[in-house]
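Residue numbers (full-length UniProt numbering): 1 to 400.
Cβ coordinates follow ideal geometry from the N, Cα and C atoms, glycine included.
Worksheet: one structure, shown below.
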């Protein structure tokens, strides 16, 4: 297997790195706003849990089929330009959603945001690959993996401060425009001349027939399914189990989501010290699965459920940082790293799509305990794939 992209920089461009990570955080806030606004949408538009699941999962409808195509556009359009297009779509979708009077129009606006989100999460890592030195790559990609929990936590923390869900949408649109401006001020353009992606079919076939990218796709799908099984309905679960107000549940949800960042950063530290990637993923999947089963199967509430949610999030953060930083190592060749990252994002979106809709429907019919089946099965499958991950990484090393 070929190596990842060669690192030629002598110094990491930290200003550019932080600007790209900040754009990812703002993009993730567009996912998080749908979660914290759930009770408000239930009250204002009369939505049930299945409909609320679509407010979150609609991002994944685009991402689950378009991730690799977005990776091809990185080469065709240019990474910085594609990131800017993604942020512009997020802003437009947020403004359109704020003006939507009914669920159907709101859902259409979320599809637009979904396109923008996909472009951001594929273009962001492509930019980071050229801004970072090889020695700092694990740290920087661990930092990038924080964008999702950080953005969702900020959305949950700030959401209750607004009088209605429309105000949340308007403010997020303005914030996205500000982030868009910062990208063109702080991030240098790629020196590579954009070219038309004429070999998309061949590149896609090569990526899909390579064990490494497909394995990362499968593992990230399982992690995403576990994560979104809980996070999609976390505010509603906490309200029912802890009997707290929306303001309090926003704070608790933010804390639970934010501790995922510590897992992301811990993964970067452990990987830089030579900790085995497969062992790290397997250990995290085991602990996440056990805590998730306890959350959904236990009838208790209060501090125990809160502590288990925190543990679930913190330990789970080890997985995405490990998988994202493995993309340059397991790409078939350097030019296909963005496409491999796009395939990884398709896995993320697949779990994000299946999780909220399937779990929301199951909870409607069978109650909260039905969520345990999704988490348990995902954890077992994830653990089962980690020996193959280790073997694939070992096989790639002699060629690097």
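Exposure label - residue i; buried when at least 16 CB within 10 Å
i	result
residue 400	Because residue 400 sits at a pLDDT of 47, beneath the cut-off of 50, its placement in the model cannot be relied upon, and the following sentence gives the value as read from the coordinates. Per the 10 Å Cβ criterion, exposed.
residue 341	buried
residue 226	buried
residue 101	exposed
residue 48	exposed
residue 189	exposed
residue 18	exposed
residue 44	exposed
residue 125	buried
residue 299	exposed
residue 169	buried
residue 80	buried
residue 165	buried
Three-state class that DSSP yields for residue i in the structure shown
i	result
residue 382	helix
residue 12	coil
residue 102	coil
residue 172	helix
residue 151	helix
residue 163	coil
residue 133	coil
residue 205	helix
residue 243	coil
residue 233	coil
residue 48	coil
residue 332	coil
residue 317	coil
residue 88	helix
residue 146	coil
Rounded C-alpha distance that separates residue i from residue j
i	j	result
residue 388	residue 327	15 Å
residue 242	residue 120	36 Å
residue 297	residue 97	36 Å
residue 384	residue 178	44 Å
residue 374	residue 248	27 Å
residue 358	residue 286	22 Å
residue 315	residue 278	15 Å
residue 309	residue 294	10 Å
residue 12	residue 128	9 Å
residue 103	residue 51	9 Å
residue 76	residue 372	43 Å
Test item: CB-CB of residue i and residue j under 7 Å
i	j	result
residue 220	residue 25	no
residue 318	residue 267	yes
residue 356	residue 56	yes
residue 350	residue 64	yes
residue 122	residue 71	yes
residue 38	residue 235	yes
residue 114	residue 86	no
residue 95	residue 82	no
residue 156	residue 239	no
residue 325	residue 141	yes
residue 250	residue 160	yes
residue 145	residue 332	no
residue 151	residue 29	yes
residue 67	residue 346	yes
residue 91	residue 173	yes
residue 222	residue 381	yes
residue 153	residue 254	yes
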